[in-house]
Amino acid sequence: MTADGSNPLISVQPNALKFVFELEKPSFCDLKVVNNTEHYVAFKVKTTSPKKYFVRPNTGVVQPWDSSVIRVTLQAPREYPPDMQCKDKFLLQSTIVPPNTDVDDLPADTFNKESTKEIQECKLKVFYVTPSSRGNSEDEGFKSYSDQAPDSNSAVQQLKDERDAAVRQTLQLQQELDFLKRRRHRRNDTGFSLKFALIVGLIGIMVGLLLNFSFSSSLSSPAAVPTVETTTSPVEPSTTEGIETPL
């Protein structure tokens, strides 16, 4: 949670900067910045000792539900600080920017507090660790981080839940889209079948009419019967002279 009680736009891990302090040797520490929102979030890193540290990137834009790594490098020191105590501090500012905004497109007043936009801030302390006590310091730092991390863990869990919900919603939408495509395809197939059946029916009716017309024509015009010309020759009367007809 932020100082004003609102949900943090970004989460920072770890919650403190620790450097292995050695003379004439640089040291670095990585910060992971996680976007906890569905918006594009811009961030900027400031420090009370800009000449001692090299920050890359010191300004950036994190996409929704994405993360970015910031590397903070402690330049090679020339002397030990008193009691190995460091009073340096870092400030991480974050604010929502329009979608698809690139870091080069950020206006100069993006992180100006006088503007009406919401700007959240996260303060980070700096600790120096000697090489010999690095292992013990890491263990203590892990315990301290575990004690102070319930809010971060809950934010990460909330992020995972929202991501899973978004994935389920996407899958459901994809299934509905596939169902509509299949339904539309079936409708197209049914329309084609009806058209095909109508065409076949019309062709059948036309063929039937043609056959009926041909059959009717054959019945109305009888076939020509071949005529055989017969010639009748005159029958000569038979002579019955000399022949007696029996009674």
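Residue numbers for the sequence shown follow my numbering, so the first one is 17 and each next one is one higher.
Just so you know, even glycine gets a beta-carbon here, dropped at the ideal spot from N, CA and C.
In the DSSP assignment, find the beta strand (DSSP E) that holds residue i and state where it starts and stops.
i	result
residue 94	No beta strand (DSSP E) holds residue 94; DSSP gives it neither H nor E.
residue 102	Here residue 102 belongs to no beta strand (DSSP E), and DSSP marks it neither H nor E.
residue 127	Note, residue 127: premise wrong, no beta strand (DSSP E); not H, not E.
residue 140	136-145
residue 35	32-36
residue 28	26-29
What distance in whole Å lies between the Cβ atoms of residue j and residue i, which are believed to be in contact at a cut-off of 8 Å?
i	j	result
residue 86	residue 61	6 Å
residue 39	residue 94	7 Å
residue 80	residue 54	5 Å
residue 49	residue 77	With a Cβ gap of about 11 Å, residue 49 and residue 77 do not count as contacting.
residue 71	residue 88	5 Å
residue 133	residue 105	Not really, about 24 Å apart at Cβ, beyond 8 Å.
residue 41	residue 92	6 Å
residue 51	residue 82	5 Å
residue 90	residue 44	7 Å
residue 108	residue 75	Their Cβ separation, rounded to whole angstroms, is 11 Å, which puts residue 108 and residue 75 out of contact at 8 Å.
residue 146	residue 35	Going by Cβ atoms, the distance from residue 146 to residue 35 rounds to 11 Å, so no, they are not a contact pair.
For residue i, count the other beta carbons within 10 Å of its own beta carbon; 16 or more makes it buried, fewer makes it exposed. Which is it?
i	result
residue 239	Its pLDDT being 48, under 50, residue 239 is placed unreliably in this model, and the coordinates cannot settle the point.
residue 69	buried
residue 27	buried
residue 101	exposed
residue 223	exposed
residue 111	buried
residue 144	buried
residue 177	exposed
residue 136	buried
residue 183	exposed
residue 218	exposed
residue 216	exposed
residue 187	exposed
residue 212	exposed
residue 127	buried
residue 25	buried
residue 193	exposed
residue 47	buried
Just list the residues that DSSP pairs residue i with in beta bridges.
i	result
residue 111	58
residue 47	86
residue 41	38
May I ask you to check if the CB of residue i is nearer than 7 Å to at least one heavy atom of the ligand PLP?
i	result
residue 115	Among the components modelled here there is no ligand, and therefore nothing to report on the ligand PLP.
**Q.** alpha helix (DSSP H) runs wholly inside the segment 50-92, at least 4 long, in chain order
**A.** none
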